[in-house]
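There are 2 protein chains.
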Amino acid sequence: MATPLFFEGLTVQTQSHDYPIIITEDAAKNGSMAQQVAPYITGRQVLIVTNETVAPLYLSAFEQALAAHFTVRVCVLPDGEQYKNQDSINQIYDALMDAHFNRDVTLIALGGGVIGDMTGFAAASFMRGVNFIQIPTTLLSQVDSSVGGKTGINHAQGKNMIGAFWQPQMVLADMSTLKTLPARELSAGLAEVIKYALIMDVSFLQWLESNLPAMMALDLAVLGEAVKRCCQYKADIVAQDERESGVRALLNFGHTFGHVIETHQGYGNWLHGEAVAAGMVQAAELSQKMGWLSNEEVARVKHVLTLANLPIHPPAIAVDTALDLMGHDKKVKHGQIRLILLKSLGEAILTNDFDATLLTDVLAAHST
Amino acid sequence: MATPLFFEGLTVQTQSHDYPIIITEDAAKNGSMAQQVAPYITGRQVLIVTNETVAPLYLSAFEQALAAHFTVRVCVLPDGEQYKNQDSINQIYDALMDAHFNRDVTLIALGGGVIGDMTGFAAASFMRGVNFIQIPTTLLSQVDSSVGGKTGINHAQGKNMIGAFWQPQMVLADMSTLKTLPARELSAGLAEVIKYALIMDVSFLQWLESNLPAMMALDLAVLGEAVKRCCQYKADIVAQDERESGVRALLNFGHTFGHVIETHQGYGNWLHGEAVAAGMVQAAELSQKMGWLSNEEVARVKHVLTLANLPIHPPAIAVDTALDLMGHDKKVKHGQIRLILLKSLGEAILTNDFDATLLTDVLAAHST
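Residue numbers (UniProt numbering), protein chains in the order written: chain X, 1 to 368; chain A, 1 to 368.
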């Protein structure tokens, strides 16, 4: 087994247990993936959940290596956000029941955020909760959905409406999987990377303005550094507020606007990260109208998103439609829309104390 | 509002929060049900989940009283264990989404164990967890499923395979609801009452031998005393072991055998309590073969069940079928069947250290 070029880790602290995130490269290629996750599998039963895109790339070698030590079954789901639903969860349950697996089973999510969210929810709900491990193979899932324990599926009327907080036993992020990621998905992941900078750390924004070209060129060491920083930002927030009663909500910056885009366009037509990118522009525009950001700072937000080849204009959505879709968002409290806005670059707040006409102005500017 | 004849309470301690169980009578009849639950509803949104049997009895007055203070919606499901499935959960989700309810919602389960388990799981999984309240209207749910936070649904291949641990905000047990309960369901509830005596407290067994005739005659004060004792037994166990990694498993006495009966016969043909009753006889018989109970003690187990008009003979099930169905039970660990057996009356243990041929003997005696 070749030594990975880099191998770094951090620990996420949660109420139920602490778990490691290991950031490495070439684990999939040199066969070390199974060796790295094996110590975190407590029973003898393993169900690998993956999709039709990822399976041909990484499944065979991983499954064979695990099968030397465990009883391994595989559940291959169709690829895409439109399959993040109850039917897919039922397929996972069926695979577990058909294998006669029980509470000792460990589920392994091998894929992007959709696979991770669904596998996590299946683990949370099978026999009232079994172990799971995340192997995120997209940048988005490496920096976002694999950290913090949010799991779930979509409801026909809303995204991520069904789910649970359920923490993995470990996360293995192999940077080399990004080499097979479509460019559009790499960009979508960078939207969440940029989000951390905008809400938490203006010095990271500066770092990104310098390093995004290298990341776009798939410099794995630079990508690994970005992933580690993002996981650390998120781990710090999750340790403070696991169930999102306070500061964790700031991670949803751009997401309320973004959910409107995703719901209106139908899941899967805009990638999540693309919708968040355009949503962050709208949130920045509202922050500017509140007098918190200058026009130049809004332009800087747009510029950094452009460096990552991300959209900065949402699709045309009528104001009433957008407001109605916002009313379905989980972040609505007592019927009032609450938004995450920027007090300055690197500092976000959750507030319902904004002028509704300013929100309407922002939506109206993108309504045609 | 009339003063209830009795009004007693206890507190259940759990990892997430403590909550009260209030045992009273005539709350449904005198309209105080809404007043008693209202202090435990934190938001303004309420979804009452009930079924077609219970709704005509108690829903209207309860809903109207709540509607004075809250936005109330109702989800009426068909009655029966065969509807404890994903379709029913989806109906609850749909009702929540159609009402535009959000994280502030409180779900109220008005009905028996099936309604309680499903409402609890919907609450656990809607928007990754919202509040819920239990109003159990059957003896079984008053003494068992409304205490301790186990929620869930059945899978086509196994009972309670999908679910979560999720604790209610409060439980209101109105003894007078037992007056409208079919006699067969009252008996089924008594199976769980008797279970507590057999596994935990031989003096309670003696109390039951004296008081079961009064309970069968619907003496609400005696029933209320029994419910309070059972809830206290269960609360003590849940406080020690919420997630069933140890002592809580003892509450499944009779259930592994019982699950075989329920699964083999199809959910709903044998009531859960009836299957548990026959299953407890089988567990007692195996305990006798292990040399832990005398023949007279097994006879005493059968006698107390007979006082409650419960079955003491399981249906005919072939040995191989029974063993195969046991292999699907959640209590299987590392592929070995573990059973709860009686070391003596009032003392249970969870063990896989029994002679497999003795288990086969017990099953064979009931195979034709």
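Heads up, the beta-carbon is just placed ideally off N, CA and C, and yes, glycines get one too. Quantities reported herein were computed from a predicted structural model and do not represent experimental measurements.
Taking Cβ positions only, does residue 86 of chain X come closer than 8 Å to chain A?
-> Locating residue 86 of chain X in the first sequence gives position 86, where the first residue counts as 1. Interface annotation, residue 86 of chain X: in contact with chain A, CB-CB separation under 8 Å.
Along chain X, which residues have their Cβ under 8 Å away from the Cβ of residue 90 of chain A?
-> Here residue 90 of chain A is taken as the residue at index 90 of the second sequence, counted from 1. Identification of chain X residues near residue 90 of chain A by a Cβ-Cβ cut-off of 8 Å yields 86, ordered along the chain.
Cross-strand partners of residue 72 of chain X (DSSP beta bridge) = Taking the first sequence and counting its residues from 1, the one referred to as residue 72 of chain X is at position 72. Answer by DSSP bridge pairing, in chain order: X/46.
Please compile the residues from chain A whose C-beta is within a distance smaller than 9 Å of the C-beta of residue 97 of chain X.
-> Locating residue 97 of chain X in the first sequence gives position 97, counting from the first residue. What residue 97 of chain X touches in chain A, judged by beta-carbon distance under 9 Å, is 155, 156, 157, 158, 161 and 328, going in chain order.
Under 8 Å between C-beta atoms of residue 321 of chain X and residue 264 of chain X = Indexing the first sequence from 1 puts residue 321 of chain X at position 321. Indexing the first sequence from 1 puts residue 264 of chain X at position 264. Yes, Cβ-Cβ distance for residue 321 of chain X and residue 264 of chain X is below 8 Å.
Is residue 165 of chain A close to chain X, meaning its C-beta is less than 8 Å from at least one C-beta of that chain?
-> Numbered from its first residue, the second sequence carries residue 165 of chain A at position 165. So yes, residue 165 of chain A belongs to the interface.
Mind checking the segment 214 to 247 of chain X against chain A and listing, in chain order, the residues whose C-beta falls within less than 9 Å of any C-beta there?
-> Residues of the segment 214 to 247 of chain X that bring their beta carbon within less than 9 Å of a beta carbon in chain A comprise 243 and 244, in sequence order.
In three-state DSSP terms, what is residue 176 of chain A?
-> What you label residue 176 of chain A is simply residue 176 of the second sequence in a count that begins at 1. Under the three-state reduction of DSSP, residue 176 of chain A is assigned to helix.
Could you check if residue 16 of chain X is buried or exposed, using at least 16 other CB atoms within 10 Å of its CB as the buried criterion?
-> By 1-based counting over the first sequence, the position of residue 16 of chain X is 16. Result: exposed.
Using DSSP with H/G/I as helix, E/B as strand and the rest coil, what is residue 11 of chain A?
-> Walking along the second sequence from the start, residue 11 of chain A turns up at place 11. Per DSSP, reduced to three states, the secondary structure at residue 11 of chain A is strand.
List, in order along the chain, the chain X residues whose C-beta lies closer than 8 Å to that of residue 69 of chain A?
-> In the second sequence, counting from the first residue as 1, residue 69 of chain A sits at position 69. Proximity of chain X to residue 69 of chain A at the Cβ level (cut-off 8 Å) is not reached, the minimal Cβ distance being about 14 Å.
For residue 270 of chain X, the three-state DSSP class (helix, strand or coil) | Here residue 270 of chain X refers to the residue found at position 270 of the first sequence. In the structure shown, residue 270 of chain X adopts extended strand secondary structure according to DSSP, grouped into three states.
Give the C-beta separation of residue 289 of chain X and residue 362 of chain X to the nearest angstrom, bearing in mind that I take them to be a contact with Cβ-Cβ under 8 Å.
-> As a first step, residue 289 of chain X must be located in the first sequence, where it is residue number 289. As a first step, residue 362 of chain X must be located in the first sequence, where it is residue number 362. Yes, they are in contact, since the Cβ atoms of residue 289 of chain X and residue 362 of chain X sit about 7 Å apart, within 8 Å.
Below 8 Å on the Cβ atoms is my guess for residue 102 of chain X versus residue 127 of chain X; work out the distance and round it to an integer in Å.
-> The sequence position of residue 102 of chain X within the first sequence is 102, counting from 1. The sequence position of residue 127 of chain X within the first sequence is 127, counting from 1. That pair is a contact at about 7 Å.
Where do the N-terminal and C-terminal ends of the alpha helix (DSSP H) with residue 258 of chain A fall, by residue?
-> The residue given as residue 258 of chain A occupies position 258 in the second sequence. From DSSP, the alpha helix (DSSP H) with residue 258 of chain A extends over 255 to 265.
Work out the CA separation of residue 144 of chain X and residue 145 of chain A for me, nearest whole Å.
-> Locating residue 145 of chain A in the second sequence gives position 145, where the first residue counts as 1. Locating residue 144 of chain X in the first sequence gives position 144, where the first residue counts as 1. Approximately 37 Å, taken between the alpha carbons.
Tell me, which residues are paired with residue 171 of chain A by DSSP?
-> Counting from one through the second sequence, the residue named residue 171 of chain A turns up at place 171. DSSP lists A/21 and A/134 as partners of residue 171 of chain A.
Which first and last residues belong to the beta strand (DSSP E) in which residue 159 of chain X is found?
-> Taking the first sequence and counting its residues from 1, the one referred to as residue 159 of chain X is at position 159. First-last of the beta strand (DSSP E) with residue 159 of chain X: 158 to 165.
Contacts of residue 152 of chain X in chain A (Cβ-Cβ under 7 Å) = Translated into positions along the first sequence, residue 152 of chain X becomes position 152. Going along chain A in sequence order, the residues near residue 152 of chain X (Cβ under 7 Å) are 128.
Own chain, CB closer than 7 Å to residue 356 of chain A, minus 5 neighbours either side, in chain order | Within the second sequence, numbered from 1, the residue matching residue 356 of chain A stands at position 356. Excluding positions up to five away in sequence, the list is empty.
Min CB distance residue 93 of chain A to chain X below 8 Å | For the purposes of this step, residue 93 of chain A is taken as residue 93 along the second sequence, with counting starting at 1. True, the Cβ-Cβ gap to chain X drops below 8 Å.
Compare the C-beta of residue 249 of chain X with all C-beta atoms of chain A and state if any pair is closer than 8 Å.
-> Counted from its first residue, the first sequence places residue 249 of chain X at position 249. Chain A, which has no Cβ nearer than 8 Å to the Cβ of residue 249 of chain X, makes this no.
Using CA coordinates, which residue listed in A/93, A/104 and A/141 is at the minimum distance from residue 121 of chain A?
-> As a first step, residue 121 of chain A must be located in the second sequence, where it is residue number 121. In this structure, A/93 is the residue among A/93, A/104 and A/141 with its C-alpha nearest to the C-alpha of residue 121 of chain A.
Using a Cβ-Cβ cut-off of 7 Å (strictly less than) and excluding sequence neighbours within five positions of residue 95 of chain A, which residues of its own chain qualify?
-> For the purposes of this step, residue 95 of chain A is identified with residue 95 of the second sequence, where counting begins at 1. Cβ neighbours of residue 95 of chain A beyond the five flanking positions: 47, 73 and 75.
Report the rounded CA-to-CA distance for residue 195 of chain A versus residue 185 of chain A, giving the unit in angstroms.
-> Your numbering for residue 195 of chain A matches position 195 in the second sequence. Your numbering for residue 185 of chain A matches position 185 in the second sequence. The straight-line gap from Cα to Cα measures roughly 16 Å.
Comparing the C-beta of residue 123 of chain X with each C-beta of chain A, is any distance below 8 Å?
-> As a position in the first sequence, residue 123 of chain X is number 123, starting the count at 1. For residue 123 of chain X, the answer is no, since every Cβ of chain A falls outside 8 Å of its Cβ.
In chain order, which beta strand (DSSP E) runs of at least 3 residues are fully inside the UniProt domain "3-dehydroquinate synthase C-terminal" (189 to 332) of chain A?
-> Fully enclosed beta strand (DSSP E) runs of 3 or longer: not present.
Buried or exposed: where does residue 368 of chain A fall if 16 or more other Cβ atoms within 10 Å of its Cβ makes it buried?
-> The residue labelled residue 368 of chain A in the question sits at position 368 within the second sequence. Taking all protein chains in view, the Cβ of residue 368 of chain A is surrounded by fewer than 16 other Cβ atoms within 10 Å, so the residue is classified as exposed.
For residue 455 of chain A, the nearest candidate out of A/256, A/259, A/36 and A/28 (CA to CA) | Summary: the structure shown does not reach residue 455 of chain A, with chain A confined to residues 1 through 368, and so no result is reported for it.
Give the single residue among A/245, A/317 and A/31 whose Cα lies nearest to the Cα of residue 279 of chain A.
-> Locating residue 279 of chain A in the second sequence gives position 279, counting from the first residue. Ranking the options by Cα distance to residue 279 of chain A, first place goes to A/317.
Under 8 Å between C-beta atoms of residue 133 of chain X and residue 37 of chain X | What you label residue 133 of chain X is simply residue 133 of the first sequence in a count that begins at 1. What you label residue 37 of chain X is simply residue 37 of the first sequence in a count that begins at 1. Contact: yes.
Quick one: residues in its chain with C-beta nearer than 7 Å to the C-beta of residue 155 of chain X, no 5 flanking neighbours on either side, listed in chain order?
-> Within the first sequence, residue 155 of chain X is the residue found at index 155, counting from 1. Contacts found: 161 and 162.
Quick check: the segment 50 to 67 of chain A against the segment 188 to 206 of chain A, are there 3 or more CB pairs under 8 Å?
-> Cβ pair count under 8 Å is below three, so no.
Buried or exposed: where does residue 353 of chain A fall if 16 or more other Cβ atoms within 10 Å of its Cβ makes it buried?
-> On the second sequence, residue 353 of chain A is found 353 positions in, with the first residue counted as 1. Its Cβ having fewer than 16 others within 10 Å, residue 353 of chain A is exposed.
Name the DSSP bridge partner or partners of residue 153 of chain A?
-> To locate residue 153 of chain A, count along the second sequence from 1; it is residue 153. In the DSSP output, where bridge partners are listed per residue, residue 153 of chain A has A/162.
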